[in-house]
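S.K.:
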Amino acid sequence: MEENTVKPGLFEKGGKFGWLHSTVDAFDTFLRVPATVTAKGSHVRDAIDIKRVMIIVVLALVPAALFGMWNVGYQHDLAVGDLPGFWNQFWWGFLKVLPLFLVSYIVGLAIEFAGAQIKGEEVNEGYLVSGFLIPLIVPVDVPLWMLAVAVAFAVIFGKEVFGGTGMNFLNPALLARAFLFFSYPSKMSGSEVWIAHRCGADAISGATPLTFMGDGMNALGAGGYTFWNMFAGTIPGSVGETSVIAILIGAFIILWTGVASWKVMVSSVAGALLVGWIGNLCGITDIPAYYQLVMGGFAFGTVFMATDPVTSAQTETGKWIYGFLVGALCITVRFFNPGYAEGMMLAILLMNTFAPLIDHCVTSSAAKRRAKKVSIV
Amino acid sequence: MSNKIYLKKGLNIPISGEAALETKKKIVPDVVAVKPTDFKGFSPRLLVKEGDKVLAGSPVLADKQNPDIMLTSPVSGTVKEIARGEKRKLLAVLVEADGEGQSVDFGAKDPSGLSSDEVKEALLKSGLWPSIVQRPYGIIADTAVTPKAVFVSAFSTAPLAADCEYAFKDELEAVQAGITAMSRIAKVHVCVNSESSIFAKLSDATVHTVVAKKHPAGNVGVQISHLSPIKKGETVWTLNLLSLAAIGKLFKTGKLVLERKVAVTGPAAKEPAYCQALPGTPAKALAGQLDPDVEIRFISGDVLSGENIGADGYLGFFDNQLTLVKEGRERELLGWANPLRFNQFSSSMAYFSWLLPKKKYNMDTNTHGGVRAFVCSDVYGKVLPMDLFPVYLIKACLAGDIDKMEQFGIYEVLPEDLALCEFVDPSKNDIQAIIGKGIDLMLKEMA
Chain A
1 MEENTVKPGL FEKGGKFGWL HSTVDAFDTF LRVPATVTAK GSHVRDAIDI
51 KRVMIIVVLA LVPAALFGMW NVGYQHDLAV GDLPGFWNQF WWGFLKVLPL
101 FLVSYIVGLA IEFAGAQIKG EEVNEGYLVS GFLIPLIVPV DVPLWMLAVA
151 VAFAVIFGKE VFGGTGMNFL NPALLARAFL FFSYPSKMSG SEVWIAHRCG
201 ADAISGATPL TFMGDGMNAL GAGGYTFWNM FAGTIPGSVG ETSVIAILIG
251 AFIILWTGVA SWKVMVSSVA GALLVGWIGN LCGITDIPAY YQLVMGGFAF
301 GTVFMATDPV TSAQTETGKW IYGFLVGALC ITVRFFNPGY AEGMMLAILL
351 MNTFAPLIDH CVTSSAAKRR AKKVSIV
Chain B
378 MSNKIYLKKG LNIPISGEAA LETKKKIVPD VVAVKPTDFK GFSPRLLVKE
428 GDKVLAGSPV LADKQNPDIM LTSPVSGTVK EIARGEKRKL LAVLVEADGE
478 GQSVDFGAKD PSGLSSDEVK EALLKSGLWP SIVQRPYGII ADTAVTPKAV
528 FVSAFSTAPL AADCEYAFKD ELEAVQAGIT AMSRIAKVHV CVNSESSIFA
578 KLSDATVHTV VAKKHPAGNV GVQISHLSPI KKGETVWTLN LLSLAAIGKL
628 FKTGKLVLER KVAVTGPAAK EPAYCQALPG TPAKALAGQL DPDVEIRFIS
678 GDVLSGENIG ADGYLGFFDN QLTLVKEGRE RELLGWANPL RFNQFSSSMA
728 YFSWLLPKKK YNMDTNTHGG VRAFVCSDVY GKVLPMDLFP VYLIKACLAG
778 DIDKMEQFGI YEVLPEDLAL CEFVDPSKND IQAIIGKGID LMLKEMA
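This is how it looks when you write it as structure tokens:
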């Protein structure tokens, strides 16, 4: 039998540095699986734990992050023309995006660790994912201090006040984005923010495809957007949201491993297509419904944010309803709010709020049905 | 009328150490324990003191609330010790066996000619009444209640469980007599796993076929929920095959015969096989030779919902399985991040166990992670073939909300039915303990 050798008694509860217990424990269990054995109930357990679940989501986000880094450089090169070659563009983008990751993780994890320390609990792994998501859903030029404030707000008021990962009802990463959007709108929308260091290079428009939502296909085409460049992601936008290809790779990973619900993804796409089709039919827009799937943050939101198992509906029937409404609401916002056409963030946050209600309706009706069940013997 | 129940959900845990279908030896223990802790809802009062002579079938303990309910000694011998735990809680009465095998004679009877009251009286006197489990709550059956029905599962799907077809192949007549006796009290339903099962031809009972390949289809709770869901105010009884065989032998021979084939199983068992033994047999005697350098957990029952009895413990009354598992105190380096980890089983696709569907794993008792709040929402329902929302029921139990517990089906479950939810839980909550606490709260509030 092996005793704990890494964790000195100094850091155990009651020890000299006992107040650092949560921090030491977090690093210790990060390195080595804890030696805890089952106390009650099932004597053996599945090898999966929350660390594994979270690391799989991070892995699934890596393609979108890598593409986003390259695209940051590529868009800058398109606008300014000083970055020839793939690796130049990637390296430049990497250096632009890295500070976003650093700020997100340092601020977020510091609060998480402090919170766990104060409560005397183990550090939750949830922020591993939130911290990776946040840099991918903001414009690359967002000032770092704003990002830090937004992260702090999201972690404290979106998560810790409710009791940490698993207890929150709003997606923390989206909450950070919503905070930025409503507090500093000039840095979060319009056509000025999506390309790093444009330096007044007005020859090229920095607008995202959603800017043309109100104007239709001709304007979209004139802006240089085709279905295929929006699908590939070689367009301006938030760091990680542009490439549907990279997002689909991530979707495959989290669906195959069962970490995310395919029901939410399928029904969200269905909701978006239906509303997009109706809008097209009624003449609200001449943009075909399937274009909606590759524009803006829809794909990224559907795959990585709407499927957050904590803040989405918990019941299987509820997931169909929840996902459908996320997709439908997102496109509805795009139709009727051309000024700020990115509806995905608001659609998901709104449905996060309603997810418990959906689940309540599902479970109550199931209880009524169960009460009517008759014995078959 | 024979029904077929089709169940798809569930999980078979590929743990190594399945018992070979041979009975190696008959264990004649020096000491046999009568454990009141095996019976939920039994508050023991001693009827014997140290040094008293007892026969197989002599009363040893009586229930304080209902003194008619008694536990009897499975062997003849001398009361050696009254084992007590914290706060003097009575843990076991240890009887030193004299090896003479003398029994109290309760008188052989033909159960088919008896009245309900005569059957009840025989069961109470012999100490077999406590082998009837009442649902909801999984407590000793109330003598004043006539149940809606009696349910029996004639197969087990639990990990490494004793093969019923093998363990009871010589006891079919006794099981039949037991069913006939119980059918004098209420309608009996037996669930078998195939129409060719040796139990499919039992009479005096309705036989149902459960078409399923995965655990927990063999759990009687799952079967009841599909045949006749328990609603508020309803009562059903369940018996396992061991109890039915003992009841049958009681009527056929007039004696209390609790001997059974016990499967000694698990990754830490040297030679997993069957042996002939009594309930209350010391775990060490059953386990045989073990590796002295390995810390081993002795589990009476299966690895999902059996009881950790310790090396000095005794086989439980309801069990015909001893599982031996290594305590998992080793610390794997970066286990959660290791992409391969081929020696660990996971039912999720997050690891690569799915590449090796035939592999059996030497599982240990490590939790493989720290306790967290519920994060994943769909992993639990996949292993529970019942019309329930497991996480909602668990949360209602945690909150102690009686109305919600009722709404989410607390009457239909025992902790064992959600054992697989606990196994697969990435958040490592002790789900069976939570359900158990919920049931205790219901018992207190509904009393």
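Top line first, the protein sequences correspond to chains A and B. Everything in the first sequence is counted per my numbering, starting at 1 for the first residue and increasing by one. Everything in the second sequence is counted per my numbering, starting at 378 for the first residue and increasing by one. Backbone N, C-alpha and C define an ideal beta-carbon position, used for all residues, glycine too. No experiment lies behind these values; they were computed from the predicted model shown.
#1: Measuring straight from C-alpha to C-alpha, what distance separates residue 203 (chain A) and residue 299 (chain A)?
#2: Our contact map puts residue 436 (chain B) next to residue 449 (chain B) with C-beta atoms below 8 Å; I'd like the distance itself, whole angstroms only.
#3: Would you call the region 360-375 of chain A and the region 762-773 of chain B touching, i.e. three or more CB-CB distances under 8 Å?
#4: What residues from chain B crowd round residue 256 (chain A), counting only those whose CB sits closer than 8 Å?
#5: Using a Cβ-Cβ distance cut-off of 8 Å, determine whether residue 780 (chain B) contacts chain A.
#6: Do you know how far the Cα of residue 460 (chain B) is from the Cα of residue 104 (chain A)?
#7: In the DSSP output, what is residue 436 (chain B) paired with across the bridge?
#8: Would you call residue 465 (chain B) buried or exposed, if buried means 16 or more other Cβ atoms sit within 10 Å of its Cβ?
#9: For residue 64 (chain A) and residue 247 (chain A), which I take to be in contact (beta-carbon distance under 8 Å), what is that distance rounded to the nearest angstrom?
#10: Considering only their Cβ atoms, is the gap separating residue 524 (chain B) from residue 416 (chain B) smaller than 8 Å?
#11: What residue range does the alpha helix (DSSP H) around residue 74 (chain A) cover?
#12: Mind checking which residues open and close the alpha helix (DSSP H) that includes residue 661 (chain B)?
#13: Indicate the three-state DSSP secondary structure (helix, strand or coil) for residue 301 (chain A) in the structure shown.
#14: Consider the Cβ of residue 167 (chain A): report whether some Cβ of chain B lies at a distance smaller than 8 Å.
#15: Distance, Cα to Cα, residue 362 (chain A) vs residue 256 (chain A)?
#16: Tell me which same chain residues have a C-beta within less than 8 Å of the C-beta of residue 216 (chain A), skipping the five on either side of it?
#17: Would you say residue 392 (chain B) lies against chain A (beta-carbon separation less than 8 Å)?
#18: When you compare only the Cα positions, how much space is there between residue 483 (chain B) and residue 501 (chain B)?
#19: Please report the straight-line C-alpha distance between residue 604 (chain B) and residue 381 (chain B), rounded to a whole angstrom.
#20: Mind checking if residue 122 (chain A) is an interface residue toward chain B, Cβ cutoff 8 Å exclusive?
#21: Is there a C-beta anywhere in chain B that falls below 8 Å from the one on residue 47 (chain A)?
#22: Quick one: which chain A residues come within Cβ less than 7 Å of residue 753 (chain B)?
#23: Strictly under 8 Å for the Cβ-Cβ distance: is residue 152 (chain A) near chain B by that measure?
#24: Flag this pair as yes or no: are the beta carbons of residue 520 (chain B) and residue 446 (chain B) separated by less than 8 Å?
#25: Name the chain A residues that come within less than 9 Å of residue 711 (chain B), Cβ to Cβ?
#26: Please list, in chain order, the residues of the region 346-376 of chain A that have any C-beta partner in chain B closer than 9 Å.
#27: Suppose you measure from the CA of residue 594 (chain B) to the CA of residue 785 (chain B); what does that come to, to the nearest Å?
#28: Can you tell which of B:727, B:665 and B:700 has its C-alpha closest to the C-alpha of residue 58 (chain A)?
#29: Strictly by DSSP, which residues pair up with residue 642 (chain B)?
#30: For residue 386 (chain A), go through chain B and note every residue whose CB falls closer than 8 Å to its CB, in chain order.
#31: Would you give the residue range spanned by the beta strand (DSSP E) that residue 889 (chain B) belongs to?
#32: Are there three or more Cβ pairs, one per stretch, closer than 8 Å when the region 531-547 of chain B is compared with the region 507-516 of chain B?
#33: At a Cβ cut of 7 Å, what residues of the region 310-322 of chain A count as close to chain B, listed as they run along the chain?
#34: Name, please, each residue of chain A whose Cβ falls closer than 8 Å to the Cβ of residue 740 (chain B).
#35: For residue 607 (chain B), verify whether its CB is less than 7 Å away from any heavy atom of the ligand FAD.
#36: Determine the burial state of residue 97 (chain A): buried for a count of at least 16 other Cβ atoms within 10 Å of its Cβ, exposed for fewer.
M.R.: Reading off the structure:
#1: Along the first sequence, read from residue 1 onward, the residue named residue 203 (chain A) stands at position 203. Along the first sequence, read from residue 1 onward, the residue named residue 299 (chain A) stands at position 299. Here the model assigns residue 203 (chain A) a pLDDT of 47, short of 50, so the residue's position is not dependable, and the following value carries that caveat. Straight-line Cα distance between these residues: approximately 29 Å.
#2: Taking the second sequence and counting its residues from 1, the one referred to as residue 436 (chain B) is at position 59. Taking the second sequence and counting its residues from 1, the one referred to as residue 449 (chain B) is at position 72. Rounded, the Cβ-Cβ distance is 5 Å, consistent with contact.
#3: yes
#4: Against the first sequence, residue 256 (chain A) aligns to sequence position 256. Within chain B, the residues near residue 256 (chain A) are 726.
#5: What you label residue 780 (chain B) is simply residue 403 of the second sequence in a count that begins at 1. Residue 780 (chain B) does not count as touching chain A.
#6: For this step, residue 104 (chain A) is matched to residue 104 along the first sequence. For this step, residue 460 (chain B) is matched to residue 83 along the second sequence. Going by the C-alpha atoms only, they are around 59 Å apart.
#7: Position 59 of the second sequence, counted from the first residue, corresponds to residue 436 (chain B). In DSSP, residue 436 (chain B) forms a bridge with B:449.
#8: Residue numbering aside, residue 465 (chain B) sits at position 88 when the second sequence is read from its first letter. Looking at its Cβ environment, which holds fewer than 16 other Cβ atoms inside 10 Å, residue 465 (chain B) is exposed.
#9: Here residue 64 (chain A) corresponds to residue number 64 of the first sequence, with the count starting at 1. Here residue 247 (chain A) corresponds to residue number 247 of the first sequence, with the count starting at 1. The Cβ separation is near 6 Å, so the contact holds.
#10: Counted from its first residue, the second sequence places residue 416 (chain B) at position 39. Counted from its first residue, the second sequence places residue 524 (chain B) at position 147. Going by C-beta atoms, residue 416 (chain B) is not nearer than 8 Å to residue 524 (chain B).
#11: Indexing the first sequence from 1 puts residue 74 (chain A) at position 74. Unbroken alpha helix (DSSP H) run through residue 74 (chain A): 50-80.
#12: Position 284 of the second sequence, counting from 1, holds the residue named residue 661 (chain B). 660-664 is the extent of the alpha helix (DSSP H) around residue 661 (chain B).
#13: Within the first sequence, residue 301 (chain A) is the residue found at index 301, counting from 1. Note: residue 301 (chain A) maps to helix in three-state DSSP.
#14: On the first sequence, position 167 is the one that residue 167 (chain A) refers to. It does: the Cβ of residue 167 (chain A) has a partner Cβ on chain B nearer than 8 Å.
#15: Position 362 of the first sequence holds residue 362 (chain A). Position 256 of the first sequence holds residue 256 (chain A). Near 27 Å, if we compare the C-alpha coordinates of residue 256 (chain A) and residue 362 (chain A).
#16: Here residue 216 (chain A) refers to the residue found at position 216 of the first sequence. Hits under 8 Å: 285, 286 and 287.
#17: Translated into positions along the second sequence, residue 392 (chain B) becomes position 15. Cβ-Cβ to chain A under 8 Å: yes for residue 392 (chain B).
#18: If you number the second sequence from 1, residue 483 (chain B) lands on position 106. If you number the second sequence from 1, residue 501 (chain B) lands on position 124. C-alpha separation (whole angstroms): 11 Å.
#19: Along the second sequence, one-based indexing puts residue 604 (chain B) at 227. Along the second sequence, one-based indexing puts residue 381 (chain B) at 4. Approximately 10 Å, taken between the alpha carbons.
#20: Counting from 1 along the first sequence, the entry for residue 122 (chain A) is found at position 122. By this cut-off, residue 122 (chain A) is an interface position.
#21: Position 47 of the first sequence holds residue 47 (chain A). Cβ-Cβ to chain B under 8 Å: yes for residue 47 (chain A).
#22: For the purposes of this step, residue 753 (chain B) is identified with residue 376 of the second sequence, where counting begins at 1. What residue 753 (chain B) touches in chain A: 53 and 309.
#23: Your numbering for residue 152 (chain A) matches position 152 in the first sequence. For residue 152 (chain A), the answer is no, since every Cβ of chain B falls outside 8 Å of its Cβ.
#24: If you number the second sequence from 1, residue 520 (chain B) lands on position 143. If you number the second sequence from 1, residue 446 (chain B) lands on position 69. Cβ atoms of residue 520 (chain B) and residue 446 (chain B): closer than 8 Å.
#25: Within the second sequence, residue 711 (chain B) is the residue found at index 334, counting from 1. Here the neighbours are 30, 31, 32 and 33.
#26: 359, 362, 363, 364, 366, 367, 369, 370, 371, 373, 374, 375 and 376
#27: As a first step, residue 594 (chain B) must be located in the second sequence, where it is residue number 217. As a first step, residue 785 (chain B) must be located in the second sequence, where it is residue number 408. Approximately 20 Å, taken between the alpha carbons.
#28: Here residue 58 (chain A) refers to the residue found at position 58 when the first sequence is read from its first residue. Of the listed residues, the one whose Cα sits closest to residue 58 (chain A) is B:727.
#29: One-based indexing of the second sequence puts residue 642 (chain B) at position 265. For residue 642 (chain B), which the question treats as bridged, DSSP gives the partners B:700.
#30: Nothing about residue 386 (chain A) can be reported from this structure: the residues present for chain A run from 1 to 377 only.
#31: Lying before the first or after the last residue shown, residue 889 (chain B) is absent from chain B, which here runs from 378 to 824.
#32: no
#33: 310, 314, 315 and 316
#34: Your numbering for residue 740 (chain B) matches position 363 in the second sequence. By Cβ distance, chain A contributes 44.
#35: For the ligand FAD, the structure offers nothing, since it holds no ligand at all.
#36: Here the question's residue 97 (chain A) lines up with position 97 in the first sequence. Burial call: buried.
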